[in-house]
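Presented below is the structure to which this report refers.
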Amino acid sequence: MVVQQQLPPKLSSRDLVLRQTGQGWRVEDATGRQVCETLSSMAEARLIGRTFAVGRARVWVYRQERWSLLDGD
């Protein structure tokens, strides 16, 4: 992951967010709407995030009150 920051990024309407919650990982669109079921692991969230990211601008990860971009690893 790269570009760590504490402030929320300015999201494009085509961005996705992988958000860590107490129940697992939520995959959200730029409006905060959940686009699939809550996932149990970061590995699942990365896979789903990359799948949903096709044709989108960026995939952001929010965990432990920090924002970062999902990289290609």
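Per this note's numbering, residue 85 is the first one in the sequence shown, and the count goes up by one each step.
Built from N, CA and C at the ideal position, the CB exists for glycine as well.
Note that the coordinates shown come from a computational prediction; the quantities given were computed from them, not determined experimentally.
Its Cα nearest to that of Arg140, the residue Leu100 stands out among Gln148, Cys120, Leu100. For Val143, same chain residues with a beta-carbon under 6 Å away, outside a window of 5 residues either side, are Leu100, Gly133, Ala137, Leu154 in chain order. In the three-state scheme derived from DSSP, where H, G and I count as helix and E and B as strand, Gly133 is classed as helix. For Gln107, there is no enclosing beta strand (DSSP E), as DSSP marks it with neither H nor E. Gln118 is bridged by DSSP to Glu112.
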